[in-house]
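Here the numbering used here runs 699 ahead of the position in the sequence shown, where the first position is 1. Where a beta carbon is used, it is the ideal one built from N, C-alpha and C, also for glycine. Predicted model, so just to flag it, every value in this text is computed and none were measured. Note sheet for the following structure.
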Amino acid sequence: MKPLRLALAALALSAAAHAQDGGVNVGRASPLRNLVSAEQVEAQAAQQYDQLLQQAAQQRALAPASNAQVQRLRAVAQRIIPQAPRWNLRAAQWKWEVNLIGSKQLNAFCMPGGKIVFYTGILDTLKLSDDEVAIIMGHEMAHALREHARERIGKQAATGAGASLLGALLGVGNLGQTAINMGANLLTLRFSREDESEADLVGLDLA
Numbered sequence: 700m701k702p703l704r705l706a707l708a709a710l711a712l713s714a715a716a717h718a719q720d721g722g723v724n725v726g727r728a729s730p731l732r733n734l735v736s737a738e739q740v741e742a743q744a745a746q747q748y749d750q751l752l753q754q755a756a757q758q759r760a761l762a763p764a765s766n767a768q769v770q771r772l773r774a775v776a777q778r779i780i781p782q783a784p785r786w787n788l789r790a791a792q793w794k795w796e797v798n799l800i801g802s803k804q805l806n807a808f809c810m811p812g813g814k815i816v817f818y819t820g821i822l823d824t825l826k827l828s829d830d831e832v833a834i835i836m837g838h839e840m841a842h843a844l845r846e847h848a849r850e851r852i853g854k855q856a857a858t859g860a861g862a863s864l865l866g867a868l869l870g871v872g873n874l875g876q877t878a879i880n881m882g883a884n885l886l887t888l889r890f891s892r893e894d895e896s897e898a899d900l901v902g903l904d905l906a
């Protein structure tokens, strides 16, 4: 059994245990995420997502809608997305997108606002079943639904903005813009272990 499949099996057992306990329990969101609005983060994500797709298209790496793997990914997403508003009411209004980029990277992600990308490497190398795709997609969607990027940006702003934040709090400048500028590249944000554990649980609930 491949390492990923071992990990997925362990996650499934964990999810079953939580279900027996009466549901999925997650921690409270940090109040620091309120340093930047959800609208700002989602707008930034949409812009960066479009730029990524444009770059992929220019490199002829963006798979067309007719691609069988794209159709497969979108079919899986359509099964999961209806569950998303249970974890974030804003998700009902998101303009969800699912795309596939040709790359050897074993990676996938979902940006704030429901912008999903899978790389061909993770599908071709690991030979994922539809259920395994759903678990991975659910995990990545969970990061967006639980607003982990927004929380990371807020924490970065709180610990590193210093004088800029003080000026904003005193009415000089825009606190939200200061925060979003600090997390300018949403694709490179690193999530905490707690974020990853939460995404595992929420993702399995979705899948």
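Residue environment: E850 is assigned as buried (16 or more neighbouring CB atoms within 10 Å of its CB, all protein chains considered).
Between the alpha carbons of L885 and Q747 lies a gap of roughly 8 Å. Within its own chain, the residues whose Cβ lies closer than 8 Å to the Cβ of G820, once the five positions on either side in sequence are excluded, are S802, K803, Q804, L805, N806, listed in chain order. Residue nearest to P784 within the set N798, D894, A841 is A841 (criterion: CA-CA distance).
Here I779 has A833, M836, G837, M840, L905, A906 as same chain residues with Cβ atoms under 7 Å from its own Cβ, once five neighbours each way along the sequence are excluded. Linking V725 to C809 through their CA atoms gives a straight-line distance of about 19 Å. Look at N806 here: in three-state DSSP terms it is coil, with no helix or strand label. The criterion of a C-beta distance shorter than 8 Å is satisfied by V901 and L844.
Distance check between T887 and each of Q768, L799, A744 places A744 closest, using alpha-carbon atoms only. A residue is called buried when at least 16 other Cβ atoms come within 10 angstroms of its Cβ; P763 does not meet this threshold and is exposed. Boundaries for L885: no beta strand (DSSP E) harbours it, and the DSSP string shows neither H nor E there.
Rounded to whole angstroms, the separation of the alpha carbons of A848 and Q792 is 18 Å. Sorting E738, I800, E831 by C-alpha distance to the C-alpha of Q758 places I800 at the top.
Closest in alpha carbon position to L772, among N787, W786, W795, is W795. Secondary structure of N733 (DSSP, three-state): helix. By the Cβ neighbour-count rule, R732 is buried, with 16 or more other Cβ atoms within 10 Å of its own. Beta bridge pairing from DSSP links V797 with I815.
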